[in-house]
Each structure stands twice: as structure tokens, then as C-alpha cells.
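Structure record follows, encoded as C-alpha cells.
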Amino acid sequence: MSARNDIKSVSRRDFLRYTSVAGGALVLGTLLPSITPAWASSTVDDAANTLNLFVSIDNDGTVNIVCHRSEMGQGVRTGIPQIVADELCADWSKVNVVQGLGDEAYGSQNTDGSRSIRRFYTTMREMGATARTMLENAAAQTWGVPVSDVFAENGAVVHKSSGKSLSFGELAQVASQQNVPEVKDLTFKSPKDFKFIGKPVTSVDLPKVLTGDTVFGQDVQLDDMLYASIERCPVVGGTVKAFDKEASRGVANVVDVIEMPEQSFPVLFKNLNGVAVLASNTWSALQGRKALNVTWDLGDNQSHDSDAYLAELEKRIVTKGKSIRSVGDAYKAFDTADTKLDATYTVPYLVHAPMEPPAATAVFKDGHCEVWACTQTPQSTQQNVAGALGIDKSKVKVNVTLLGGGFGRKSKPDFSVEAAVLAQKTGKPVKVVWSREDDIRHGYYHAISAQHFQAGLDEAGKVTSWVQRTAFPSISWTFTGTTDEPQTGELSLGFGDLPFAIENLSCETHKAPAHVRIGWIRSVSNIQHGFAIGSFVDELAAKSSVSPHQMWLNLIGDDRIVDPKTQGFKYENYGESYDNFPIETKRLKNVLNELMAKSGANSPTADNEGWGISVHRSFVSYVAVATKVQVANDKVSVLEMHSVIDAGRVINPDRVKSQQEGAMIFGLSIALMGEVTIKEGAVEQSNYHDYTVLRMHQSPKIVTHIIQSDAAPGGVGEPGVPPVAASVTNAIYQASGKRIRALPVNKVYSV
């Protein structure tokens with residue numbers, strides 16, 4: 001536990017400010033740590049952070065616990081309260097989860113990077129223990145007995161000798177007068193006594209989701225609201241030349257046609273250039289949009305062609321690049337090796353395509369703006385809306401709805417900026433609705449990439465030389481407009497942190513300018529790096545005539561802590577302390593060995609069938625995946641998948657299982673079918689018919705195994721994705737003898 005004492009008794013007014021809910025008789029708040037992605041700049045002054053994680057207890061015994069993160073099915077609105085409630089000894093039936101508003105005082109509210117639990121686990125335990133201690137002190141004072149004679153249990157404090165009890169509600173007012181204890185004086189539960197932590201608690205939102213009694217971004221309804229549909233330039237950086245305003249206004253129920261403010265580079269989270277049609281219903285807005293007949297100045301990026309661009313990367317990637325990490329002399333060792341192997345792997349542009357496309361509603365009145373949005377980043381929404389409207393961010397209120405999926409797309413608040421701008425211009429509530437076509441054609445894309453690997457082996461089959469190179473347009477370009485090569489934060493995602501015991505190693509990068517909006521997608525750069533490394537290890541195994549399992553173990557080597565910084569790489573470790581979250585080869589080998597034991601991936605298969613495996617550390621967690629496929633009649637069928645995850649201490653195993661299952665499906669979509677292509681600067685795909693995601697009939701049997709661990713909690717939402725693609729293509733090789741080095745698989749086989 002920490003030695004800080006940032007927990008304080010605070011006012012009901014503060015609780016109201018951060019949640020729009022009146023606080024109870026006892027309100028506690030604490031400072032949360034913040035984190036900014038390496039590719040993003042932040043205007044938040046950490047010193048200005050105030051108390052922002054709240055627990056309040058009402059006189060009726062209701063325990064209000066604030067969730068300052070966004071819920072998109074991953075269960076964060078359940079996991080955060082589980083931790084607090086366990087140390088508090090609360091009655092779960094009395095727990096009420098309160099959604100925090102967007103406010104910079106929360107530090108980072110970005111619900112991405114798989115860090116909602118790992119960043120706040122200790123703080124939340126401290127909060128629960130503090131409230132429990134104050135309630136116990138209040139009970140001891142009320143009864144006139146030593147505090148050692150009382151204990152909290154199931155929403156009440158009990159007197160040991162008499163058995164009498166007082167509910168939390170009865171004690172809340174007295175507890176609010178107690179001094180807040182120092183963290184160093186708190187006592188914490190032993191893990192063996194956990195009642196909620198580590199238990200499969202049902203999602204607090206599930207009953208309302210099942211009955212439809214919920215509000216997602218697309219559900220928001222306000223009086224006199226206008227619906228906006230925006231025709232955006234198909235090429236990033238292009239501008240409007242002309243449009244037929246009157247033709248659009250002639251469509252029934254169209255109220256207004258407004259050209260969006262013209263923007264320049266960098267793209268940031270600003271609106272794209274285009275024309276908005278506002279109507280009294282969505283259908284009319286869409287029909288009015290069709291009548292606009294916009295002509296564009298497409299700008300410099302109209303020459304971008306994804307096929308030609310990837311060919312350039314593939315040509316460049318086989319040449320020596322800029323070294324970011326090295327040991328020994330990889331080139332000399334390669335030249336003198338007995339056996340040599342090299343391969344190039346590519347991944348196309350990808351887009352998030354969540355089930356619910358982006359949607360935001362805004363009202364602008366008297367210099368203030370209120371937004372309702374399915375956002376992963378309410379604080380960034382607040383800042384960017386304020387900047388677009390030219391007002392102080394304190395005048396922007398952001399209400400976070402439930403999210404119908406996100407995958408990182410909804411951490412880019414451009415859609416909220418659009419709604420706010422139109423609300424300011426019209427003086428009416430405006431909902432901006434993105435269609436599926438808008439979502440796919442105008443998103444922020446996972447970077448197209450090329451990776452090249454070469455390795456040398458001695459006569460005994462030991463890898464003595466390893467060279468790896470990567471090239472992809474950087475997310476930083478979105479923020480700078482000038483960055484033209486991968487950045488350290490992205491290279492820390494499964495590339496520069498290679499955990500292998502190799503005497504001669506060189507990790508290198510190449511330049512790759514951007515031509516579309518680049519953004520993080522679930523697992524970010526681990527997608528291409530996990531695919532390439534996992535595939536190359538399998539190729540080395542075949543070259544050496546050893547099993548893939550054994551080749552992985554040979555490369556990982558002895559149990560040890562791997563520190564890439566000792567070999568010149570400025571490793572960022574997902575923003576975490578290396579003391580708390582080192583790269584541990586023992587845990588990496590353990591998930592792999594557990595996978596082989598549980599999955600049956602070592603077992604013989606029928607003709608035309610094969611198993612493939614891969615393992616990867618990302619977001620400070622460890623995941624191994626085994627996939628079994630059948631290849632027959634030029635078609636790949638995925639038969640079953642197994643995953644093993646070591647995410648440290650697990651808060652809710654039911655949610656971890658769900659996240660792993662979702663990661664398998666997400667990873668399969670990428671491996672089998674995921675591809676965005678660009679011609680003349682414009683995205684060619686438009687909907688699920690040509691940007692295909694996994695269908696039910698393609699989904700295999702999925703089995704998830706969770707390693708029991710007392711280690712600090714790691715990430716869960718993203719770590720399952722990176723090993724999937726390599727496990728699939730490796731299985732295809734075992735079943736057919738054909739290597740697939742360029743995703744997606746459906747370029748070679750039907751799926």
C-alpha cells in the first residue's frame with residue numbers, strides 16, 4: 001500500500017460538482033494518479049488535480065462509489081466498486097455506482113491502455129479501508145468502547161462481545177466528524193478474506209442492458225433537438241469548394257445546412273472539413289446530405305494509395321534502419337551463421353468499427369456547453385470542445401453515456417466537437433449521428449505496417465543473431481502533422497521490449513510518413529509486432545526441426561528480468577514503474593506451458609488440420625494463444641481457440657474471461673478479414689459487407705484459462721489480441737504447408 005495520505009473528508013458540494021449527484025452524510029475523496037500516452041500532449045497540470053475519486057454514504061446506508069472511467073462492456077463500472085466495497089466491508093446490495101463527469105481534476109479519464117484497474121487498485125483499496133476505519137471509529141465512539149472491540153461487516157459495524165450493530169447509514173453522520181486516518185495507520189484485508197475481489201460479480205449494468213433501460217450515445221433525446229449528418233471530405237486535408245445548399249434545404253424536414261469550420265494540419269481531434277445537414281429526424285438529414293453535391297479540393301493526400309505505399313515500405317524495410325536497441329554484433333553473427341532465415345510481414349490499415357458508431361449531443365446556451373457522448377475520454381472531450389468553441393473548459397459539462405463498443409475510437413472526441421460547434425451555430429440542441437459508412441470512411445486508422453526479420457543459427461540450432469525492423473506511420477503525426485517515423489511509445493509496444501536471450505541483437509526502425517488520421521486501436525502497435533514476432537518464431541522452429549513450443553522456450557531462455565534499457569532502448573513499460581511491473585520471463589514461459597498443457601496443441605490432428613501457438617506480453621500482462629484450424633478446398637475454418645492470461649491479481653474473473661473471449665474474436669477479425677484500402681486518398685470500404693468482422697458461423701469454440709496470481713493487477717482488455725493472428729497463420733502452415741506473411745488471410749484463402 002502507498003504511504004501517501006491524499007484521502008480527505010470533503011463536501012457534498014464537491015461530490016455534486018464531479019457527478020451531478022448529491023453527496024451523502026459521509027463523503028471521502030482522494031487524488032488519483034494520471035497518465036498520458038507517449039504520443040499525446042497534455043494540457044492538464046497535475047499539480048492542479050484535486051480530490052476526485054469519491055465514496056459517499058447516505059443516511060439510508062447507500063454506498064455511492066464514483067466510477068470516473070467509461071463503461072463499454074469491459075465491466076469497469078463493476079470492477080472499481082468491487083475493490084472499494086471489499087475493503088469497506090459494504091453490503092453489495094447497497095452499493096450504487098455513480099458515473100463521474102468529465103473533469104480535468106480526475107487526472108486522466110482515458111478509458112484505454114487497459115489501465116483502469118492496474119492504475120487505481122491500491123488507491124481504491126485505501127479509499128475503502130479509510131471509510132471503514134472512520135465508520136468503526138464512529139461506532140466505538142457511539143458505544144463508548146475501544147475501537148478494537150468493533151468490526152465492519154456487510155454494511156454495518158458490529159460490537160464483538162454483545163453482537164449489537166449499527167448500519168453504515170446510522171453511522172455516516174458521526175463518521176463524517178472523525179479525523180481521516182493516515183494511510184500508514186490503516187489495516188487491509190488479507191487476500192484470503194476477500195469477499196468481492198477475485199469473485200465473478202455480475203455487471204451492475206447488466207439488468208438495465210437486458211431490459212433496454214439504458215442510455216448509449218445514440219439514445220440521447222432532448223426537446224427541440226436537431227439531427228445532424230455531415231458530408232466529410234473523403235481525403236484528409238481536403239477542403240470544400242462548393243455545394244448545393246438550396247437543393248439540400250429543399251428536402252422535407254431539413255432545417256439548416258452549415259459548412260463546418262475549415263481545419264488545417266495537424267488533424268488532432270478537430271472536425272473534418274465538410275458540410276452538415278440538420279433536420280428534425282435522422283432520415284431527412286441523410287437525404288438532405290445526398291442532395292449537397294459537394295465538390296472538393298482534395299489536397300496533397302489524394303495521391304495516397306495504400307498498395308503502393310505498402311510496397312514502398314516493403315522495399316525499405318529490408319535495408320538497415322535506425323537502431324533503437326542493440327547488443328553484440330547482429331550483422332557479423334548473421335554473416336557467419338550456419339543457417340539463415342529472413343522474412344517480411346505486413347499488416348494493412350485497420351479501423352475500429354464498433355457496433356455503435358460515434359454519436360454526441362450538445363447544447364450551447366449562455367456561453368456554456370453541455371455534451372452527452374459515448375466517449376472514452378470525457379476530459380479530452382471537455383478540453384477539445386472548449387477549444388473549438390473558444391470558451392473556458394470550466395464552461396463545458398460532459399455527460400458520459402454507456403458505449404456500444406469503443407476499441408479506442410471513442411477516445412478521439414472529434415464527433416463531440418462537431419456536435420458542440422453545430423449547437424453553438426444553431427442555438428439548438430444538436431445530435432451528430434455517424435452512420436456506419438461515416439465510421440469506416442472517416443475514422444482514425446490503425447497504421448499500415450511492414451516488419452522484417454532475419455536470424456542466424458549455429459550448427460546446434462541455437463539462434464545467435466536476430467535483426468528486426470519495423471516501419472509504420474506514427475500516431476504522433478495526428479498530433480504534430482510532421483512526425484514521419486515510429487516513436488518510442490509505439491516501439492515499446494511489443495518491439496523494443498523483445499524478451500529473448502540472444503547474444504547479438506539489433507532492433508531498428510524506418511521512416512513512414514502518414515496520409516490518413518492515425519489512432520490507437522485495441523492493442524495498438526502490439527498488433528503488427530505480435531503477428532510478426534509470433535510468425536517468425538514459428539518459422540525458425542520449422543527451420544530448426546524443433547517444436548514451436550520448444551523454440552519459444554529456447555528463445556526466452558532462463559528465468560530472469562529483461563530490462564531493454566540496459567541495451568539502449570528508452571522503454572516506457574506502458575507508463576508503469578519497472579520495479580512493480582518488470583518483464584518476467586518466468587511468467588511468459590508459464591502461460592505458454594499452461595497453454596500447451598490445457599489446450600491439447602501438442603496432440604496429433606486429422607489431415608488438413610493444424611495447431612498454431614503464440615505468446616506475447618503487453619499492457620504488463622502475459623497471454624498465450626493456441627488456435628486449431630482446418631484448411632480444405634481453399635477455405636480456412638477455425639475450429640477452436642484457447643488462451644491463457646496472467647494479469648496478476650484478477651478482480652472479476654467473469655469479466656476477464658469475457659475480455660479474453662472478445663479479444664479472440666477481435667483478433668480473428670483482424671487476422672482473417674481486417675483490411676482498409678485507400679485509393680486516391682480515400683477509403684474504399686464503407687460498411688460491414690466490405691470491412692468484414694467475424695460472423696457467428698465463423699466463431700470457434702473459445703476456452704479461456706486464467707492464471708491465479710498475487711502479483712499487481714495488469715491489463716486485461718487488450719493483451720489477448722496480439723498473439724491471435726500469429727497463432728492463426730501458424731496453424732494454417734501446420735494444416736497446409738503454406739506461410740501467410742501478409743494479413744489478412746482472406747487474400748489467400750476463403751474464410
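Here the sequence shown is numbered in full-length UniProt numbering, starting from 1 and rising by one per residue. For every residue, glycine included, the Cβ atom is placed at its ideal position computed from N, Cα and C.
Is residue i near residue j, with beta carbons less than 8 Å apart?
| i | j | result |
| --- | --- | --- |
| residue 527 | residue 446 | yes |
| residue 591 | residue 624 | yes |
| residue 353 | residue 217 | no |
| residue 491 | residue 509 | yes |
| residue 87 | residue 61 | no |
| residue 408 | residue 575 | no |
| residue 333 | residue 554 | no |
| residue 63 | residue 168 | yes |
| residue 444 | residue 412 | yes |
| residue 244 | residue 278 | no |
| residue 597 | residue 611 | no |
| residue 501 | residue 432 | no |
| residue 584 | residue 561 | yes |
| residue 730 | residue 535 | yes |
| residue 676 | residue 348 | yes |
Is residue i helix, strand or coil when you go by DSSP?
| i | result |
| --- | --- |
| residue 478 | helix |
| residue 72 | coil |
| residue 745 | helix |
| residue 331 | helix |
| residue 612 | strand |
| residue 654 | helix |
| residue 269 | coil |
| residue 691 | coil |
| residue 285 | helix |
| residue 668 | helix |
| residue 560 | coil |
| residue 630 | strand |
| residue 259 | strand |
By the DSSP assignment, the alpha helix (DSSP H) with residue i in it spans what residues?
| i | result |
| --- | --- |
| residue 425 | 414-426 |
| residue 549 | 548-556 |
| residue 520 | Element bounds for residue 520: n/a, residue is neither H nor E. |
| residue 389 | 378-389 |
| residue 315 | 306-317 |
| residue 122 | 121-143 |
| residue 724 | 724-736 |
| residue 593 | 585-599 |
| residue 527 | 526-544 |
| residue 508 | Unbroken run through residue 508 is the beta strand (DSSP E), 505-509; no alpha helix (DSSP H). |
Give me the Cα-Cα distance between residue i and residue j, rounded to the nearest whole angstrom.
| i | j | result |
| --- | --- | --- |
| residue 302 | residue 427 | 36 Å |
| residue 390 | residue 369 | 11 Å |
| residue 735 | residue 111 | 39 Å |
| residue 742 | residue 363 | 47 Å |
| residue 81 | residue 68 | 11 Å |
| residue 220 | residue 615 | 42 Å |
| residue 521 | residue 366 | 37 Å |
| residue 246 | residue 650 | 59 Å |
| residue 101 | residue 155 | 27 Å |
| residue 157 | residue 65 | 19 Å |
| residue 164 | residue 646 | 43 Å |
| residue 174 | residue 85 | 20 Å |
| residue 400 | residue 222 | 15 Å |
| residue 355 | residue 689 | 14 Å |
| residue 437 | residue 709 | 44 Å |
| residue 171 | residue 141 | 10 Å |
| residue 416 | residue 404 | 16 Å |
| residue 740 | residue 746 | 10 Å |
Following the continuous beta strand (DSSP E) through residue i, name the residue where it begins and the one where it ends.
| i | result |
| --- | --- |
| residue 452 | 449-457 |
| residue 153 | 150-153 |
| residue 438 | Not the beta strand (DSSP E): residue 438 falls in the alpha helix (DSSP H), residues 436-441. |
| residue 296 | 295-297 |
Stretch pair the segment 690-702 + the segment 319-327: three plus CB contacts closer than 8 Å: The segment 690-702 and the segment 319-327 do not touch, with fewer than 3 CB-CB distances between them shorter than 8 Å.
Given 8 Å, three or more beta-carbon pairs between the segment 677-691 and the segment 303-310: These segments touch.
Inter-stretch contact (C-beta, 8 Å, three-pair minimum) for the segment 230-238 and the segment 201-220: No: fewer than three Cβ pairs fall under 8 Å.
Contact the segment 128-145 vs the segment 175-190: 3+ CB pairs below 8 Å: Cβ pair count under 8 Å is three or more, so yes.
Cβ contact check for the segment 538-546 and the segment 333-343: 3 or more pairs under 8 Å: Three or more Cβ pairs drawn from the segment 538-546 and the segment 333-343 lie within less than 8 Å of each other, which places the two stretches in contact.
The segment 545-552 / the segment 263-283 touching (three or more Cβ pairs under 8 Å): In short, these stretches do not touch, since the Cβ pair count stays below three.
At least 3 beta-carbon pairs within less than 8 Å: the segment 655-669 vs the segment 704-724: Between the segment 655-669 and the segment 704-724, the count of Cβ pairs shorter than 8 Å is three or higher; the stretches touch.
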